[in-house]
Structure formats: structure tokens, C-alpha cells
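Per UniProt numbering: the sequence shown ends with 537, consecutive numbering throughout.
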Amino acid sequence: MMNDYQQQQQSAAFVNIANMFNQQMQMNYRLVTNQTLDIYYQYLSNGFPMADRRVLERVLEYNSITANDYSVNNTLSSSMMSHLYSSISEFEKDQCLLFTLQAMCLQQLGQRETANLIYSNARQIMGKYFDDLDSQSMMVAMTFMGLYLIGEGENRKAKNILSSVKSAIAPYKNPADVLQSNNNPMPSFSLSSNEKQQDDDTISEWVITQPKCFTSFLVDTQLRGLEAYFGEEENPKTYILDGFETLGNNNLNLSKLREMIPDCRVLNKEAIDSLLSLLPALECLAKVVLTNFNKAPTLKLLYSLMFKQAHLDILKNAEESIRDIPQILNVCSQVIELTRDELFSFLPIVATKPIVMASTLRVHYFSSLDSTENFNDDLRALKILSKNFKAIQASCAPLIKALESLIYLQQRNSASGIESLFDFGEDIFSIESLSNSSPSSSNCSKENLTPQTIFDTYQSDYAPLFRDFGIDMEIVDVFIENMSEQEKLFHNDKTKLAEKRMELVESFKAISGKKKDVFGIVACEFLKKQLLFNENN
């Protein structure tokens with residue numbers, strides 16, 4: 001039998017082995033977590049990261065310290081931890097933020113099993129602090145959790161969570177409409193014209209001093225994408241116009257169009273012409289903004305898909321007598337072309353709707369497609385999305401089977417009897433009557449654009465159109481004019497070019513101040529930081 005000394009030695013050996021094992025596990029965990037964070041900040045955040053990486057790395061540091069000594073109790077009583085967290089609750093909230101971000105990222109990367117395990121850990125912590133939306137970490141964590149649940153097909157749970165988040169950020173969108181809080185004092189905004197400029201300055205100063213304004217702005221950018229995703233389900237009569245406002249960053253006044261189009265589910269020729277004339281103008285402006293201010297490649301791809309979704313929504317909801325099937329299929333092909341982008345696999349769940357819609361329409365109207373058209377890219381894209389998102393796997397299983405059958409029959413060079421394979425129930429659209437007219441292509445639909453091209457096209461084609469619809473485009477007028485001046489300076493004077501870009505941001509900020517648009521002011525602060533970063537790198 002072992003004496004006391006031998007037992008102590010054996011116990012010490014076990015502790016050392018446990019420490020070595022924990023250290024190895026911690027090293028692997030930290031490596032994988034850092035790789036996930038790298039992907040999030042470089043790609044998945046689309047240039048608008050909702051979480052401060054330093055906060056997440058602090059969680060990793062705390063976990064690393066507690067894991068390095070197997071015999072240390074996991075508490076904050078140790079003096080070595082006091083510089084990281086003042087309380088265990090503070091740590092757990094940040095840890096919940098890290099877990100939910102990881103779960104969402106790993107889900108988008110197709111690692112659903114691992115994502116589900118991490119989500120389970122996050123859910124346990126969330127149960128303790130779900131009502132503490134004063135905590136920025138919990139507010140962002142709930143946003144990540146909502147996005148994760150949508151990918152899992154748990155829309156009802158996701159909407160309940162995100163509804164709480166919307167309520168939490170509401171005071172920071174419209175502070176003038178909310179009573180002052182003792183914890184977050186808000187300025188009182190006067191209505192006197194003599195004090196108007198003072199009010200504008202007060203709003204700007206208040207925004208800069210409120211960290212939650214910035215966090216709320218970033219959360220709002222995520223929620224706006226969900227409005228387009230759920231739009232048709234929640235607001236079927238207005239979802240196309242609501243989507244236009246989202247694409248226009250909520251700076252469009254579409255009151256005349258709303259009077260003209262009482263129901264977006266059935267569009268007459270006048271409504272279609274009006275919507276299709278506005279769409280390329282918005283797309284042009286978005287391209288210039290993304291090229292000059294936010295160069296995140298995933299955001300460009302996301303916006304391209306959102307515009308294609310809007311285009312398809314307009315075309316497929318046309319009255320039967322004017323529905324243009326060839327043009328619908330043309331836009332569908334453009335959507336599928338976008339899935340060949342190398343960043344396609346990084347897209348969030350909100351970007352999946354146009355892809356599913358395009359594939360469904362191509363299968364439904366396969367007899368109208370060119371005989372050389374194949375469905376390999378459709379199938380590849382849907383299988384990638386099904387791997388990433390349980391919601392797509394469940395909802396698109398019949399569509400994937402239809403595509404596989406169609407590809408098989410195409411390979412057999414047999415078209416007979418195909419129609420019976422693709423009966424999705426109710427007929428989506430009538431194909432008896434096709435319109436001979438297709439929407440005219442605009443100069444702004446071309447990829448190679450310059451600010452001067454946009455300026456000329458806007459002045460000649462779009463500015464009168466916007467004004468005819470009574471759309472307030474002050475911010476667009478300022479933007480286009482400034483971009484035209486930037487074009488002249490681009491190859492000549494880099495210093496003046498930088499000054500002109502900063503002048504544009506200040507103009508945007510002044511307009512946002514006049515409108516008491518808090519998130520507009522926050523966006524300008526972000527633009528400032530991006531400009532300064534680009535100048536120094």
C-alpha cells in the first residue's frame with residue numbers, strides 16, 4: 001500500500017496532468033476562437049462589428065488564467081483577476097456575448113453541431129440576465145442569439161428576443177420622444193426657430209457622449225436587414241415599398257408611391273414602371289457609397305442580392321397580363337451568378353431569400369429557359385445554404401430534390417414528363433401571357449461606374465423623377481454634387497480630396513442634426529473614423 005508521501009506525489013501528478021490537459025484544451029479553444037473572431041471582423045460583420053474585440057479578448061484572458069491552474073476555484077476573489085472584472089455577473093454577460101457571437105459565426109460557416117453546443121452554453125447564461133438590456137453586452141448578445149435562431153428556423157423565439165432589443169434601442173433612435181432617464185440623461189430639444197442651431201449642436205454633442213448610441217446604431221443595422229427578410233410575411237401589402245425605404249437607408253419619403261400602390265401583391269403597369277425607374281437609381285448610389293466609404297466586400301455582395309430581391313419582387317407581382325417571364329428569368333440568372341462569388345458562403349441568413357426565390361422561379365419556369373441553361377449552380381448554392389442553416393435545410397428540401405431530378409433528366413437529354421416532377425402545389429404564376437416589353441436597361445446598371453457618370457445620370461434622369469414623386473432627396477443631392485467634385489480631385493490633389501470627403505460627412509451630419517436623426521449622426525461619426533483609418537493605411 002502507498003504511504004502518505006506516495007499518495008501526495010500521485011495526487012500532484014494527477015493535478016499536473018489535469019493542468020497540462022486543460023492548458024492544451026484552452027490553447028486549442030483560444031486558437032479556434034481567435035480564428036472565428038478574425039472571420040467575423042473581416043467578413044461576417046460587413047464593416048459594422050457590433051462587439052468590441054477587446055471585450056471578447058478579455059473573456060478569453062480570464063478563461064485562460066482560470067484554466068491554467070486546475071486547483072484554483074473559479075471565482076473573482078483572487079487579486080490577479082481584479083483588473084479584468086469587478087464582479088462575476090459582469091464576466092458572465094461578456095461571456096454570453098462571446099458565446100452568441102461564436103454560435104452565429106460557426107452557423108454561417110457550416111459548423112452547426114459546434115454552434116449548437118456553444119449556443120446551449122449561451123442560453124444558460126442568457127436565462128440569468130435576459131432582462132438586463134441596460135447592459136450593452138446583453139443587448140448585442142440577444143441580437144446575435146436572434147440571428148442564430150432565425151438560421152435554425154426558430155422564427156417565433158427570434159422575434160420575441162429581437163422585439164425586446166428593438167424596445168431597448170428605441171430611446172436612442174428618437175430621444176426627443178422619450179422621457180429623460182436618470183441613468184442616461186437626454187437633452188431637451190426645443191422647437192423655437194431661434195434655438196434650432198443650438199438644438200442641432202446639442203443632439204450631436206449628446207450622441208458623442210452616449211456609448212449606447214453607437215451600440216444601438218450597430219444593432220439597428222442588423223435589424224433593418226431582418227425587415228427585408230420578414231417583410232413579405234409581416235406586411236404583404238407594403239413590403240416592397242418598405243424594402244425600398246430600407247435600401248434608401250430610411251431617407252426616402254415614398255408617400256406618393258404608397259398612395260399609388262395600395263397593395264404590393266398586385267402591381268399594374270404604372271406601379272411597375274415607377275418602381276423599376278427608382279430601383280437603378282438607388283442601386284447606383286449604393287454602389288458609390290460602398291466603393292467610397294464601406295469597402296467590406298461581403299456588404300457589396302449582400303446589397304447586390306437585396307437589390308435583385310427587390311427587382312424580382314416587383315416583376316413576379318405584376319398583373320398576369322403584363323408579367324414578363326423572360327425578364328424574371330433573366331434576373332434569376334443574375335442572382336445565381338452572384339452565388340459564384342468566393343464570399344458567398346459567408347452570407348447571413350437574411351441574404352438567402354433572393355437565392356431561394358430565384359431557384360424556385362427557375363425550376364417553375366424551366367420550360368421557358370434556354371436549353372443550354374443548367375441548374376448545377378442552383379443546387380450547389382442551396383446545398384451550401386442548407387449546410388449552414390437548418391431553416392434552409394427544412395424549407396428547401398423539396399426544391400433541392402426537384403433540382404437534382406431536373407439535372408438528372410437534363411443529363412439524360414430527356415424533357416418528357418418533367419413537369420410532373422415540379423408540382424409545388426398552388427401555381428405560383430400564370431405563364432399563359434407574356435409581355436413583349438421588358439424594363440429598359442439603365443446606365444447605372446453597368447458595373448464600371450464613376451462618380452461623374454452617376455452625377456450626370458442622376459441630374460438628367462433621376463433627380464426630376466425623385467421630385468415628381470415628392471421624395472426629399474436633399475442628402476442625395478449633397479452627396480452627388482460632392483462626389484462629382486471628388487472625381488475632379490481624385491488624380492490631382494489627395495489632400496484636398498480628403499478634405500472634400502470630410503466636408504461631405506459634415507454636410508451629412510448637419511442634415512441629420514436638422515432632422516434630429518440620431519442614428520444619422522452616429523453614422524456620420526462612423527464615416528469619419530473610416531475616412532481617418534483609410535487615410536492612415
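All C-beta atoms in this analysis are idealised placements derived from N, C-alpha and C, irrespective of residue type, glycine included.
- For ASN388, the enclosing alpha helix (DSSP H) stretches over residues 376–388.
- For ALA296, the secondary structure class from DSSP, reduced to helix, strand or coil, is coil.
- Cβ-Cβ distances below 7 Å link TYR303 to ALA286 and LEU290 in the same chain, with the five nearest sequence neighbours on each side left out; the list follows chain order.
- Judged by DSSP secondary structure, ARG224 falls within the alpha helix (DSSP H) whose first and last residues are 211–234.
- Annotation note: the stretch 125–171 contains the following uninterrupted alpha helix (DSSP H) runs of length 4 or greater, listed N- to C-terminal: 136–151.
- Around ASN317, the same chain offers ILE240, CYS264, ARG265, VAL266 and LEU267 as residues with beta carbons nearer than 8 Å, after the five sequence neighbours per side are excluded.
- When SER274, SER164 and ASN482 are compared, the shortest CA-CA separation from PRO464 is found for SER274.
- By DSSP's assignment, ALA318 forms a beta bridge with LEU267.
- Take ALA115, set aside five residues on each side of it, and the residues of its chain with a beta-carbon closer than 6 Å to its own are ALA103, LEU106 and GLN107, in chain order.
- A straight-line Cα-Cα distance of about 12 Å links TYR85 and ASN63.
- Linking GLU485 to GLU283 through their CA atoms gives a straight-line distance of about 21 Å.
- Taking SER460 as the centre and dropping the five residues before and after it, the same chain places no C-beta closer than 7 Å to its C-beta.
- Distance from the CA atom of CYS332 to the CA atom of LEU369, rounded to whole angstroms, is 11 Å.
- Here GLN111 carries a coil assignment [DSSP, helix/strand/coil].
- For LEU285, the three-state secondary structure derived from DSSP is helix.
- The stretch 110–128 and the stretch 138–158 touch, with no fewer than 3 CB-CB distances between them shorter than 8 Å.
- Around the beta-carbon of ALA397, fewer than 16 other beta-carbon atoms lie within 10 Å, marking it exposed.
- For ALA510, the enclosing alpha helix (DSSP H) stretches over residues 494–514.
- Apart from the 5 residues on each side of it in sequence, SER512 sits with its Cβ closer than 7 Å to the Cβ of GLY520, ILE521 and CYS524 in its chain, given in chain order.
- Membership of LYS237 in any alpha helix (DSSP H) is not indicated, and neither H nor E is assigned to it by DSSP.
- GLY146 sits buried, since 16 or more C-beta atoms from the chains shown fall within 10 Å of its C-beta.
- A buried status is given to GLN327, since no fewer than 16 other beta-carbon atoms sit within 10 Å of its beta-carbon.
- In chain order, LEU282 place their CB closer than 6 Å to the CB of LEU247, counting only its own chain and leaving out the 5 sequence neighbours on each side.
- In terms of CA proximity to ASP456, GLU487 leads the group GLU487, ARG467 and ARG54.
- Proximity of the stretch 346–362 to the stretch 307–323 meets the contact definition, three or more beta-carbon pairs being nearer than 8 Å.
- The Cβ atoms of LYS353 and TYR229 lie closer than 8 Å to each other.
- Within the same chain, Cβ atoms closer than 6 Å to the Cβ of ASP94 are found at VAL55, VAL59 and SER137, the five residues on either side in sequence being excluded.
- For the pair GLU232 and ASP242, the Cα-to-Cα distance works out to about 10 Å.
- Separation of ALA296 and GLN334 (C-alpha to C-alpha, rounded to the nearest whole angstrom) is 21 Å.
- With 16 or more other CB atoms across the displayed protein chains lying within 10 angstroms of its CB, GLN222 is buried.
- Around the CB of THR372, fewer than 16 other CB atoms lie within 10 Å, so the residue is classed as exposed.
- As the crow flies, the alpha-carbon of LEU117 is around 14 Å from that of THR33.
- If you look at VAL356, you'll find it in the alpha helix (DSSP H) that goes 353–364.
- With a beta-carbon spacing of about 6 Å, LEU406 and PHE366 fall inside the 8 Å limit used to define contacts.
- Where PRO326 is concerned, the enclosing alpha helix (DSSP H) starts and stops at 325–338.
- Secondary structure of CYS396 (DSSP, three-state): coil.
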